[in-house]
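The structure appears below as structure tokens.
There are 2 protein chains.
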Amino acid sequence: MISFQTSPDQYKHWKLSIEGNVAKLSMDVKEDETLAEGYKLKLNSYDLGVDIELADAIQRIRFEYPQVRAVVITSLKPRIFCAGANIYMLGTSSHAFKVNFCKFINETRCAIEDDSRHSGRRYIAALNGTASGGGYELAIACDEIYLVDDGNSAVSLPEVPLLGVLPGTGGLTRLVDKRKVRRDRADVFSTLAEGLKGMRAKEWGLIDDTFATSKFQAAIDGRVAQIVNLHSDELSQMNGTGGSETDSLRYVGVKLNPLGVETTDDGREYEYVGLVLHRDKRYADLTVRGPKAELPSTPDEIQKLGDAYWPLRAFRELDDALLHLRVNEPEIGLVCLRTEGSIDDVLSVDATLVANRDHWLIREIILQMARALRRLDLTAKSFFAMVEPGSCFAGNLLELLLASDRSYMLNNPEEAIGIAVSELNGGALPMSNGLTRLQSRFIAEPEKVHQVLNVDAQAGGRRFDTEAAEAAGLITFAPDDLDWEDEIRLAIEERTSLSPDALTGMEASLRFAGPETMDTKIYGRLTAWQNWIFQRPNAVGEHGALTNYGKPTQAQFDYKRT
Amino acid sequence: MISFQTSPDQYKHWKLSIEGNVAKLSMDVKEDETLAEGYKLKLNSYDLGVDIELADAIQRIRFEYPQVRAVVITSLKPRIFCAGANIYMLGTSSHAFKVNFCKFINETRCAIEDDSRHSGRRYIAALNGTASGGGYELAIACDEIYLVDDGNSAVSLPEVPLLGVLPGTGGLTRLVDKRKVRRDRADVFSTLAEGLKGMRAKEWGLIDDTFATSKFQAAIDGRVAQIVNLHSDELSQMNGTGGSETDSLRYVGVKLNPLGVETTDDGREYEYVGLVLHRDKRYADLTVRGPKAELPSTPDEIQKLGDAYWPLRAFRELDDALLHLRVNEPEIGLVCLRTEGSIDDVLSVDATLVANRDHWLIREIILQMARALRRLDLTAKSFFAMVEPGSCFAGNLLELLLASDRSYMLNNPEEAIGIAVSELNGGALPMSNGLTRLQSRFIAEPEKVHQVLNVDAQAGGRRFDTEAAEAAGLITFAPDDLDWEDEIRLAIEERTSLSPDALTGMEASLRFAGPETMDTKIYGRLTAWQNWIFQRPNAVGEHGALTNYGKPTQAQFDYKRT
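So the sequences go chain by chain: A and B.
Just so you know, the first sequence maps onto residues 25 to 586 in the working numbering.
Just so you know, the second sequence maps onto residues 25 to 586 in the working numbering.
Written as structure tokens, this is what we have:
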């Protein structure tokens, strides 16, 4: 079983160091500390375990070191930054594992960009040596790329020429869409196994600058100092120079403690999230329990409560449960999303979050909730939301219902069953395509978004009973008491009987109506092509390029093209 | 060998009839008239041959019957509109053929929407019976869908539940992006083998209306009359009632005669297009020859010249050559694009086209050129443009260079070698994503588009010699006389040695920077997922759903999902 929980004291492959307003993430992969047997992580190549540490480090910087303004990503290995995903690991992995591996790496890269865009931390890739394949893809997820000019170090994407697959974690899309490298140059670069060095790489826009070995460290330090100086006003506040006690507390980080989880044969129990696996029926129940009443409502109190604060804890648990389902429970094809708790208490949390969204901690909490929900959108399993008495699909938890492929809401006038919207449904938790889930739902009738969001502030949120929810178009089906059990059972049986591949492609198409962004291009277009290629005999067949990499035998291709 | 040329008198499966301003396209598939052995085209199911006729009919309506304002697509079979792609044909086809099949069908559907959007013809799907799978996808490419309410007829997308593949020709994307069906309803509909009938289909937005059998024909006729009446002013002009001799000629169609093509073992010679196949080296030379000097410059003269007019003939030939390469020459992985002729003469044609772009025929010619160029963008082979003395990559033909993955331009000051832009490069020939190829090229520096397009009207177009072209960023490489031969040879050898699948995925990612549209979502996201699924054991393996369709055996799935 692969665990996604770690912490800096457990890192094997990365060193996280904080100096004032600068974080340094140094890659120093231990070649024998692999997640599986059969390969060595040479030359700072990585497997999923290496990226789990990186994802954790980025998350921790955001919560534990809010004063950080610049993050330098570099390597402790001489002459090599990072050689990308380990090829022997890929060559010996199942198709499902390869897909999961690429998706998680993509999410970590997008998390870097999310931090940069929304929290203003600047990511600097300090390439002290060659960055190839996934190594360059990590660099290109950063804001700025500097490459040492030592006559040898290069940036490269050798996947196409050497391995017969794509750079699978966003490289091609970011080449032309983020760095806007001219498409013919991107074509040349992506077919050039040895890549490009120094000035040519700069001229083509692949890096931002290049410095001789002797000047490299000073140049990076200089650039980092510039970034920190740009923020000096903000930082003097952050560092508590002057201001009240509240101000000095303001930028103290919040420690992310390990999530307590009790594991049984057929499930996982976190504090607020429960997962029950029905493996024989290939579905799971995933329940999120709402907050307790009267949670703190000021940032100071929340900061003191730290990671025990419900929205942070519950969505970290949800995130972990989703990753567990993806990687450790591949046979589970359908997840029934459920909630338990008080709608009032969820809406009260949302009111606190909205009122304090300019505070760094509240902002980070909301951004983390948004990332967990996007993880759900991008999970290649079906999701059905089940609304029953005692559930609390309100505000932030209503997003679970809106993210689902379908929803079922019991229609029983004798019971109190409701869902509710809050201001958080209006924009704070966007999908990868930039739309809210309400906008996505009502793409045919945009005015309905406003109608539904027409929140009555006094009541703390607009509520819908089953008939109102159905009339508003918020739910899919509203079976009555007599039909409920049979209808749910049949829906589950039917869904889990269908081709898992066809469902994956169907859901990837139906979940993302409307605009596309760089993120959705990476998860849609690029990932789909990569998945296709990963399955092809030309990559993974007996004579495929991935199979034969590093062997004395050469790849032999079926050259058909269309 | 599959031929893409046909004409109404040769149609086996469609009847095209024109009455005044209305065209009627009636599907009546002959089950034994198949392109290959081993299947029967029952229930108006189709193979590539059926769609080649449809594509031809749509093209002909645009050129031969410009007065048509409404196109009704219906079926001559009782109780069935169209059952979609023939499953047994798919089950027995190679992966490459399935990919080509879906792509061509997609292009035909997009051609319907192109006609509707740019030429204002309204397409009415008159579903006199069930439209399932590709049958419904044909309907959803139309502007309006009417379904008979006979207690039995339905619309459906049974691919996921019955076949374990996707509706592969745009259905899922058009469901949520064009008809904007709510995503949870789209999910239910796309997993419901029997589909939806009458009022429910209307309520969910899958059709526009439904009429009882006895009233169906009258309702369609009524709607068509409405459309024609909307255009009555325009039509009285078109029909030559009143006005000069010029006016009455104005809306006389231009007949599309068969393309003359001389076929040899290693090539094809059209009038303006030559194709030389180097099969042992897996590449082809595709040469477009420019126009003769002093072509007519008024619409009337052009109309009299008809389909012999260079831009129409040359781009129809280019289109046919591309389709031939895709379907009949799968082992050709690289196409070297070349041109021969006078830059002046190409620019002169562009000046005529631009000056008369409001004339229906000139508009249709430009739109046809744009479609042929998009066919090139979407061809899964590499394209290199080769600029040598005597070539004429100018204006409309410069698009060939801009569409290429790379370009090579000889740098020899002793020879006259040039390329040139014209106003046509400024917007008339957009890619599927809505950008011009110049915008796509200079996505990092949008101001360069204007610089390059800064046409000197006196000179009839701005020209660039090799050094100027390189400085302007219009070409990739400019080898000199000494290096040229070796460099080209090595580039070709290298390209054709790489994994064809990896190149396909790479090119699909690098060619389409920037925005995505419904078209690019269909060719990118949806097609890539479909290609992936088409390759999976769950579809095409021994126990796959496609393999076992219609057999007593049942599909058995590997249920892993991520």
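Glycine included, C-beta positions come from ideal geometry on N, C-alpha and C.
Please read all numbers here as calculations on a predicted model, not as lab measurements.
Sub-9 Å separation of residue i and residue j beta-carbons
i	j	result
A:Ser143	A:Arg86	yes
B:Asn478	B:Arg486	yes
A:Gly115	A:Ser69	no
B:Ile389	B:Pro315	no
A:Ala375	A:Glu447	yes
B:Glu65	B:Val96	In the sequence on display, residue 65 of chain B carries Leu and not Glu. No, they are not a contact pair.
A:Tyr89	A:Gly277	yes
B:Ile129	B:Ala149	no
B:Leu550	B:Leu190	yes
A:Leu527	A:Leu425	no
B:Val312	B:Leu342	yes
A:Ser406	A:Gly357	yes
B:Gly229	A:Ala468	yes
B:Gly157	B:Gly188	no
A:Leu534	B:Val300	no
B:Asn420	B:Val476	no
B:Gly529	A:Trp556	yes
Outcome for residue i when other beta-carbon atoms lying within 10 angstroms are tallied against a minimum of 16
i	result
A:His474	exposed
B:Thr403	buried
A:Lys279	exposed
A:Ala242	exposed
B:Asn124	buried
B:Ser521	exposed
B:Asn281	exposed
B:Glu77	buried
A:Pro470	exposed
7 Å Cβ cut-off: residues of chain A touching residue i
i	result
B:Arg350	Thr586
B:Glu355	Tyr583 and Lys584
B:Arg465	Arg206 and Arg207
Chain A within 9 Å of residue i, Cβ atoms only
i	result
B:Phe417	no
B:Cys360	no
B:Arg209	yes
B:Phe536	yes
B:Gly574	no
B:Trp334	no
B:Leu429	Per the sequence shown, the amino acid found at residue 429 of chain B is Asp instead of Leu. At least one chain A Cβ lies under 9 Å of B:Asp429.
B:Val473	no
B:Ala404	yes
B:Arg224	no
B:Lys54	no
B:Ala563	yes
Min CB distance residue i to chain B below 9 Å
i	result
A:Ser372	no
A:Thr265	Because A:Thr265 sits at a pLDDT of 49, beneath the cut-off of 50, its placement in the model cannot be relied upon, and the following sentence gives the value as read from the coordinates. Not one chain B Cβ lies under 9 Å of A:Thr265.
A:Lys39	no
A:Ala163	no
A:Pro90	no
A:Val476	no
A:Arg549	yes
Neighbour list for residue i in chain A, Cβ cutoff strictly below 9 Å
i	result
B:Pro185	Glu518, Ser521, Leu522, Ser523 and Ala526
Distance between beta carbons of residue j and residue i, contact taken as under 8 Å
i	j	result
A:Gly538	B:Arg206	Contact doesn't hold; Cβ gap of about 13 Å is too wide.
A:Asp510	A:Leu434	Going by Cβ atoms, the distance from A:Asp510 to A:Leu434 rounds to 13 Å, so no, they are not a contact pair.
A:Ser523	B:Ala569	6 Å
Chain B contact residues for residue i, given Cβ-Cβ distances below 7 Å
i	result
A:Trp553	Gly529, Ala532, Ser533 and Ala552
A:Asp233	Those within 7 Å of A:Asp233 in chain B number zero; the least Cβ separation is about 17 Å.
Chain B contact residues for residue i, given Cβ-Cβ distances below 8 Å
i	result
A:Gln34	What A:Gln34 touches in chain B: nothing, since even the nearest Cβ is about 26 Å away.
A:Gln559	Trp556, Gln559 and Arg560
Cross-chain neighbours of residue i in chain A, by beta carbon under 8 Å
i	result
B:Gly229	Ala468
B:Asn124	Thr586
B:Arg395	Ordered by position in chain A, no residue passes the 8 Å Cβ test against B:Arg395, which lies about 18 Å from the chain.
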